[in-house]
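Residue numbers (UniProt numbering): 1 to 1000. Heads up, the beta-carbon is just placed ideally off N, CA and C, and yes, glycines get one too. Given the structure is predicted, the values throughout are model-derived calculations rather than measurements. Here the structure comes first, spelled out in structure tokens, and everything after it is commentary.
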Ligand code: GAL
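Next up, the structure:
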């Protein structure tokens, strides 16, 4: 540990660029964009996990409002490439161009991560499922077939990204090659390269370059041991290195269930050492099927983000990308097997798009990093528990800018698991006016619980210097050439700051009952205060205005940027206090002297605005507000809360229902002769897996998602007495079998079983006897997605289907019963290679009659169906489809988040699965025997806020007890909002058409 000494010189690592452009440069301190060092805080969202482009704007505005400068995205190869050679970057939510335009217009840098492999808890890690059969050779390697498979997608993506790069006046600043591909070395220490992996990385990078991508290429390493693709580590010129190396890390374990993290599962609040090794960071944790209801928000909650992200800063991190900032939904069959419908991720912006304490807490740090320019260029001078404070329970890291000498002291508990209350002073801290011990006049600095704190020293803002502050800097803005600085402290805690060069300070506005003392010193003024809920304003004779706030007020303080410059120049911002959310602020073009602010309010709220003096009026979401100007220059007005509204009760709707499993019946009653059926007759397979012949591996017959139906026939004159079946559908899958329409049994599934086998005996009543007839065995299974990584090739389908009969037991081998034929049905259009629903894609549906015939779609005519609700349910095993129409008439100007919640209507029977379809989108999978996940938010756009909505429900009763399930519509939240919620989203909800009839 060493204190700063004045001879400290910047270390001399070279500033680098990639030789293709010089607008984006970097060294070991930070990124340098347009010649300016920046602290880059970003957050991840996945456009495909929110299939409504109109709502991407909502998320992007929220990210911007957090003070972040960047949004990071995965694009999903499989989603964009429905079949080999075909790509779609236009239809509906495939329109990545639209996303990039929004990000540019809102003023966010974009980090594009296209894979081709992205992992992301996605089926096959985002690779198209048509590459999982084995015919494309080794996945994620340099073979010709695999290269040809990804090329059209990577070409298309790179070409659309090209004009959005910073170098083309756009905002894309980084491009990631592959994802967590730690394969550069056969032996990491010996640096002996894996040449096939190197060649794969090189092909991917060259392909991006060939298509005009010039921004820095990055990679994110999964952990610190593989040391792959770093120019610095690759001293042997192995090749494949990217421009900037990045690290992926999940300090609290990436899953809500610690067991998934094995021995690496950390104790809460443990810190990792990233000092030499970082770049990506944890924004939440994903929740597996058997995870806690609602995820694990506390584990990565407001207190975690406060503490942990500050510790990252202590370790020298200047590029921090939070995975996820908005998780969204694994709708349809996008997910990997171990996770269900929600990808809420306990992220700062919830799956239902609401924001709360975690969001606000990240915002407080985000706004600080956006103005703390000196933070992007610091050396770690020292750290420890004794040198900086009088309390050894406190661990301090000193960062100091080698040029301006600004310092950032990052404070936390030494024992990171401790939340003990602590009080202390900083001792003998070097400042531009000598060594100081502070606070000098206020009470000590306090920790109440798990917190981090950044104490600034010689922090420069505008032309001014803050010699120190024990309250954190929230932000500052230069308004009319004058600096307004905002400091915050936890509610009830005291703070103190020392402002250089001021001779007088005047408290012009004071929150009630505040203790506040202004004290003149040799080099300026010291202000001590104890901050209760509210805000105070102190004006100094050198023109500086300081706003003091507590945490609760700081949470509702916004710093909208008046332009779309992602750097957010401090003289292009305003301050707004009060609303639930401020999305933007612009000088009104139509109304003079007016600041036009947009945002959300959840209740009637007083807002206070600090902006340039020639503004005298406030417009909120397009409405001119009666505005008053205070003596100290701010404007106040009142904004309305959300209007009242009602939504219908689903239980009271008129439901209709129909049998969706006619395929279980014998051939006389169901012939399986439509184009929906493909003959499953392969006697050889490209898969490395072997099974009984013919191979019953779904993907090689063109069916990749959801429920598959297998129909095996065998003659009536055999001695079959039963069947042994082994089905592989991924963890949490299930299956049922029927003989000539009679139920044989179900594998109910569990969160851990990827395969399920059973021997099922044929009831005598079910077998056809005599004559030349065919017995029909129907096996229905769902497939919860393909595994990630190299396990993506694990087959989905039936590994073993063996009839059991007399011959089986050796008495007469000629009588061994065998299947005469097999057929399979899956997603309509899958088998013939064409997709019937380019908007919702093949990921949305499987092979149920209801899906093939489009019962899930708006526009299908169910007039002839009998009435029956899911609550009444059905008797016996099978699959029943329910439909109803939900009319919505939500008022304009409201952002309402609706969700569908399932509860078992009969708690004693959970042997069923229910699949929710909203206007054709499969937006919920309720597996009550396996998972507590029962509430499924559905975004506007999938829903129609101002019209009729088709609600479909497939209920798979896995036992003779049948199934009864209750479905409710819940209002998650409602805010009055500037967000355009009544857009024309019909293009996202294509209707039923007659092509479906061919898939009977
Ligand atoms: C990362 C990976 C992501 C995602 C995450 C866990 O390491 O790159 O794709 O899987 O882990 O949620």
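message = I want to check one thing, is the minimum distance from the CB of residue 222 to the heavy atoms of the ligand GAL below 8 angstroms?
response = Working through the chain shown from its first residue, we reach residue 222 at position 222. It does: the Cβ of residue 222 is within 8 angstroms (strictly closer) of some heavy atom of the ligand GAL.
request  = Please state if the CB of residue 965 and the CB of residue 902 are separated by a distance shorter than 9 angstroms.
outcome  = The count along the chain shown starts at 1 and reaches residue 902 at position 902. The count along the chain shown starts at 1 and reaches residue 965 at position 965. One thing to note: residue 902 has its Cβ within 9 angstroms of the Cβ of residue 965.
inquiry  = Suppose you measure from the CA of residue 823 to the CA of residue 763; what does that come to, to the nearest Å?
reply    = Here residue 823 is taken as the residue at index 823 of the chain shown, counted from 1. Here residue 763 is taken as the residue at index 763 of the chain shown, counted from 1. Straight through space, the alpha carbons of residue 763 and residue 823 are spaced by roughly 23 angstroms.
query = Are residue 135 and residue 686 closer than 9 angstroms when you measure CB to CB?
reply = Residue mapping note: residue 135 aligns to position 135 of the chain shown, counting from 1. Residue mapping note: residue 686 aligns to position 686 of the chain shown, counting from 1. Result yes, Cβ atoms of residue 135 and residue 686 sit closer than 9 angstroms.
ask   = Excluding sequence positions up to five away, which residues of its chain have a Cβ less than 7 angstroms from the Cβ of residue 444?
value = The sequence position of residue 444 within the chain shown is 444, counting from 1. Once the five neighbours on either side are set aside, the close Cβ partners of residue 444 are 423, 424, 425.
query = Buried or exposed: residue 61, going by 16 or more other Cβ atoms within 10 Å of its Cβ?
reply = Position 61 of the chain shown, counting from 1, holds the residue named residue 61. Classified as buried, residue 61 has 16 or more neighbouring CB atoms from the shown chains inside 10 Å of its CB.
C-alpha distance - residue 430 paired with residue 931, whole-angstrom precision = Indexing the chain shown from 1 puts residue 430 at position 430. Indexing the chain shown from 1 puts residue 931 at position 931. Cα to Cα, the separation comes out at about 56 angstroms.
message = If distances are taken between C-alpha atoms only, which option among 739, 777, 573 comes closest to residue 765?
response = As a working note, residue 765 is residue 765 in the chain shown. Comparing Cα positions, the closest option is 739.
ask   = If you compare alpha carbons, which of 450, 86, 94, 405 is closest to residue 75?
value = Taking the chain shown and counting its residues from 1, one reaches residue 75 at position 75. Nearest option by C-alpha distance: 94.
key: Cβ shell of residue 560 (< 8 angstroms), same chain only, five flanking positions each side left out   = As a working note, residue 560 is residue 560 in the chain shown. Same-chain partners within the cutoff: 65, 573, 574, 576, 582, 583, 584, 585, 597.
request  = Kindly examine the ligand GAL and report whether one of its heavy atoms sits closer than 8 angstroms to the Cβ of residue 177.
outcome  = As a working mapping, residue 177 is identified with position 177 in the chain shown. Answer for residue 177: no, Cβ out of range of the ligand GAL.
ask   = Does the Cβ of residue 248 lie closer than 8 angstroms to at least one heavy atom of the ligand GAL?
value = Here residue 248 refers to the residue found at position 248 when the chain shown is read from its first residue. Yes, since a heavy atom of the ligand GAL falls inside the 8 angstroms radius drawn around the Cβ of residue 248.
message = Given this structure, state the Cα-to-Cα distance separating residue 849 from residue 750, to the nearest angstrom.
response = Translated into the one-based positions of the chain shown, residue 849 becomes position 849. Translated into the one-based positions of the chain shown, residue 750 becomes position 750. Residue 849 and residue 750: Cα-Cα distance of roughly 25 angstroms.
ask   = Under three-state DSSP, which class holds residue 755?
value = For this step, residue 755 is matched to residue 755 along the chain shown. It is a strand residue.
ask   = Is residue 656 near residue 635, with beta carbons less than 9 angstroms apart?
value = Numbered from 1 along the chain shown, position 656 holds the residue referred to as residue 656. Numbered from 1 along the chain shown, position 635 holds the residue referred to as residue 635. No.
ask   = Where DSSP assigns a beta bridge to residue 715, which residues make up the other side?
value = The residue given as residue 715 occupies position 715 in the chain shown. Note: residue 715 sits in a beta bridge opposite 774.
message = Are there any heavy atoms of the ligand GAL lying less than 8 angstroms away from the beta-carbon of residue 201, as far as the coordinates show?
response = Position 201 of the chain shown, counted from the start, is the residue given in the question as residue 201. Result no, Cβ not under 8 angstroms from the ligand GAL.
ask   = Which residues mark the beginning and the end of the beta strand (DSSP E) in which residue 620 is found?
value = Stepping through the chain shown from its first residue, residue 620 is reached at position 620. Segment 617 to 620, the beta strand (DSSP E) holding residue 620.
ask   = For the alpha helix (DSSP H) that contains residue 365, what are its first and last residues?
value = Taking the first residue of the chain shown as 1, we reach residue 365 at position 365. Counting along the chain, the alpha helix (DSSP H) containing residue 365 begins and ends at 357 to 371.
task = For chain B, find out if any of its Cβ atoms is closer than 9 angstroms to the Cβ of residue 552; answer yes or no.
result = Within the model displayed, chain B is absent; a lone protein chain is all it includes.
ask   = Does DSSP classify residue 795 as helix, strand or coil?
value = Taking the chain shown and counting its residues from 1, one reaches residue 795 at position 795. Reduced to three states, the DSSP call for residue 795 is coil.
message = With H, G and I counted as helix, E and B as strand and the rest as coil, what does DSSP make of residue 651?
response = Translated into the one-based positions of the chain shown, residue 651 becomes position 651. Judged by DSSP in its simplified three-state form, residue 651 adopts helix.
query = What are the boundary residues of the beta strand (DSSP E) that includes residue 70?
reply = For the purposes of this step, residue 70 is taken as the residue at position 70 of the chain shown. For residue 70, the enclosing beta strand (DSSP E) has its first and last residue at 70 to 74.
query = In three-state DSSP terms, what is residue 413?
reply = Against the chain shown, residue 413 aligns to sequence position 413. Note: residue 413 maps to strand in three-state DSSP.
query = Going by alpha carbons, who is nearest to residue 439 out of 517, 417, 103, 886?
reply = Counting from 1 along the chain shown, the entry for residue 439 is found at position 439. Of the candidates 517, 417, 103, 886, the one whose C-alpha sits nearest the C-alpha of residue 439 is 517.
Closest by C-alpha distance to residue 892, when choosing among 82, 117, 947 = Translated into positions along the chain shown, residue 892 becomes position 892. It is 947 whose Cα lies nearest to the Cα of residue 892.
ask   = Between which two residues does the beta strand (DSSP E) carrying residue 735 extend?
value = Translated into the one-based positions of the chain shown, residue 735 becomes position 735. In this chain, the beta strand (DSSP E) harbouring residue 735 covers 735 to 739.
query = Since residue 557 sits in a beta bridge, which residues does DSSP pair it with?
reply = The sequence position of residue 557 within the chain shown is 557, counting from 1. Residue pairing by DSSP places residue 557 opposite 577 in a beta bridge.
request  = Taking all protein chains shown into account, decide if residue 990 is buried (16 or more other Cβ within 10 angstroms of its Cβ) or exposed.
outcome  = Indexing the chain shown from 1 puts residue 990 at position 990. Buried.
key: Within the stretch 871 to 927, ranges of the beta strand (DSSP E) (whole runs, at least 3 residues)   = Runs found: 878 to 887, 894 to 904, 912 to 918, 921 to 926.
query = How should residue 1055 be labelled, buried or exposed, when 16 other C-beta atoms within 10 angstroms of its C-beta is the threshold for buried?
reply = No information on residue 1055 is available, as it lies outside the stretch 1 to 1000 that the chain covers here.
message = Assess contact between the stretch 384 to 396 and the stretch 72 to 89, defined as three or more Cβ pairs (one per stretch) separated by less than 8 angstroms. Is contact present?
response = Touching, no, given that fewer than three Cβ pairs across the two stretches are closer than 8 angstroms.
key: Those residues which DSSP pairs with residue 254 across a bridge   = Reading the chain shown from its first residue, position 254 is the one you call residue 254. Paired residues: none, contrary to the question.
Where residue 761 falls, given that 16 or more other Cβ within 10 Å makes a residue buried = The count along the chain shown starts at 1 and reaches residue 761 at position 761. Exposed, because fewer than 16 other Cβ atoms sit within 10 Å of the Cβ of residue 761.
Unbroken alpha helix (DSSP H) run spanning residue 1003, endpoints = Outside the modelled stretch of the chain, which goes from 1 to 1000, sits residue 1003, for which no answer is possible.
Exposure label - residue 690; buried when at least 16 CB within 10 Å = Counting from 1 along the chain shown, the entry for residue 690 is found at position 690. With fewer than 16 other Cβ atoms within 10 Å, it is exposed.
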